[in-house]
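> In terms of mature numbering (1 follows the signal peptide of the UniProt record, and there is no 0), the sequence shown is residues -21 to -1, 1 to 109.
Glycine included, every Cβ here is placed at the ideal spot set by N, Cα and C.
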Amino acid sequence: MKNFVFNVIVLSVLFTYGVDGQCYDCVLTSFGDVKIGEEGCGNPFDSSGIQTTPCGGPCVTIYSETEEDEDMPATTTVMRSCHRDVEGVPCIDLTDFEFSGMTLSQTCCSGALCNDNEVGGGASANNVAV
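#1: Three Cβ pairs or more, each shorter than 8 Å: is that satisfied between the stretch 3 to 16 and the stretch 63 to 71?
#2: For the stretch 35 to 52 and the stretch 75 to 91, state whether three or more C-beta atom pairs, one from each stretch, are separated by less than 8 Å.
#3: Pick out whichever of Val98, Glu97 and Leu92 has its Cα sitting closest to the Cα of Gly(-1).
#4: My guess is that Pro23 and Glu97 are in contact by the Cβ rule of under 8 Å, so how many angstroms apart are they, rounded?
#5: Check this for me: beta carbons of Gly19 and Ser27, under 7 Å apart or not?
#6: Where Gln30 and Val6 are concerned, what is the direct C-alpha to C-alpha distance, given to the nearest angstrom?
#7: Hey, quick one: how far does the beta strand (DSSP E) through Leu83 stretch, first residue to last?
#8: From the DSSP secondary-structure annotation, give me the bridge partner or partners of Glu44.
#9: With H, G and I counted as helix, E and B as strand and the rest as coil, what does DSSP make of Cys61?
#10: Determine the DSSP secondary structure at Cys38, reduced to helix, strand or coil.
#11: DSSP on Gly19, reduced to helix/strand/coil?
#12: Taking buried to mean at least 16 other C-beta atoms within 10 Å of its own C-beta, is residue 118 buried or exposed?
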């Protein structure tokens, strides 16, 4: 259920936008010691080899973590992309928002390739704009 809720949030953030600026576009998920995605996408961020995507609005960095339980190891995800305005909902900054055993942080920013920030897990965010 936690993964379903997270996926709904992610899809609501990443829907559709026109072409305007550029944002980094990557995902890194860690399940315990196993990592899936672009290694440089995590904290600290390393832009080497990370794709960019054209955006018509703000860039976003999303960090989520779940604690280990009997069914799953501790999981962290860092996602960087364009914010997708779904039904007029603007990009909003979240810091350590907790629900259903998951902690979620989101940082929105304006400017070319501004989503190179560290967010979540105690990191301080920079280039914040809504």
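The short version:
#1: Judged by Cβ distances under 8 Å, the stretch 3 to 16 makes no contact with the stretch 63 to 71, as fewer than three pairs qualify.
#2: Yes, they touch.
#3: Leu92
#4: 6 Å
#5: yes
#6: Rounded to whole angstroms, Gln30 to Val6 spans 10 Å at the Cα level.
#7: Met81 to Cys88
#8: DSSP output for Glu44 lists Thr55 and Thr82 as bridge partner(s).
#9: In the structure shown, Cys61 adopts extended strand secondary structure according to DSSP, grouped into three states.
#10: strand
#11: helix
#12: Residue 118 lies beyond the range of the chain shown here (-21 to 109); nothing can be said about it.
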